[in-house]
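Residue numbers (our numbering): 5 to 168. Read through the structure below, which is laid out as structure tokens, and then see the notes.
Below you can see the structure in the form of structure tokens.
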């Protein structure tokens with residue numbers, strides 16, 4: 005499977021700045037009734053920075069340094085996900101974020117016992133990536149992936165980017 009993984013991806017000061025900005029009381033989070041599939045009844049909170057060719061957030065400039073480091077030429081979608089603690093770990097459905105052929109990156113913003121499972125669509129081999137703060141994974145957008153909830157922290161926060 006073609007997955008790039010790097011721990012301590014961002015400089016510590018910038019990483020902490022991002023996390024603190026997202027957890028600030030002035031940062032807008034939006035309730036989403038279903039996590040992945042309509043009717044899955046696993047709510048979460050999201051903040052969509054960019055989607056369908058449009059900037060959807062006044063806070064997108066917070067990510068400029070990250071975009072530069074990723075060498076983003078074109079944004080497809082940028083979304084922040086915030087899930088709350090559950091009594092047991094729940095795995096969500098496998099999915100692709102976008103239909104477009106591009107890169108998908110996930111930046112983990114805190115450490116918890118949640119994880120991401122990546123599944124190769126050709127041979128269905130799978131790889132599990134634990135949620136570790138400041139870990140970045142990048143993979144082709146056609147790679148199916150599934151996230152989980154967590155049980156050992158108040159929240160799980162990940163930044164999901166689709167780009168060329």
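All C-beta atoms in this analysis are idealised placements derived from N, C-alpha and C, irrespective of residue type, glycine included.
Just how far apart, CA to CA, sit residue i and residue j?
i, j, result
"residue 87", "residue 153", "7 Å"
"residue 148", "residue 13", "23 Å"
"residue 120", "residue 110", "9 Å"
"residue 10", "residue 67", "18 Å"
"residue 72", "residue 93", "34 Å"
"residue 58", "residue 131", "33 Å"
What three-state label does DSSP hand residue i in the structure shown?
i, result
"residue 131", "strand"
"residue 66", "helix"
"residue 6", "coil"
"residue 108", "strand"
"residue 113", "coil"
"residue 13", "coil"
"residue 143", "strand"
"residue 75", "coil"
"residue 34", "strand"
"residue 49", "strand"
With a Cβ-Cβ cutoff of 8 Å, do residue i and residue j count as a contact?
i, j, result
"residue 46", "residue 96", "yes"
"residue 155", "residue 89", "yes"
"residue 157", "residue 116", "yes"
"residue 138", "residue 19", "yes"
"residue 112", "residue 135", "yes"
"residue 48", "residue 54", "no"
"residue 150", "residue 99", "yes"
Mind reading off the beta-carbon distance from residue i to residue j? Whole number of angstroms is fine, and I expect it under 8 Å.
i, j, result
"residue 21", "residue 84", "Not a contact, Cβ separation roughly 15 Å."
"residue 105", "residue 146", "7 Å"
The stretch 160-168 / the stretch 69-79 touching (three or more Cβ pairs under 8 Å): yes
Three-pair Cβ contact test at 8 Å for the stretch 5-13 versus the stretch 122-132: yes
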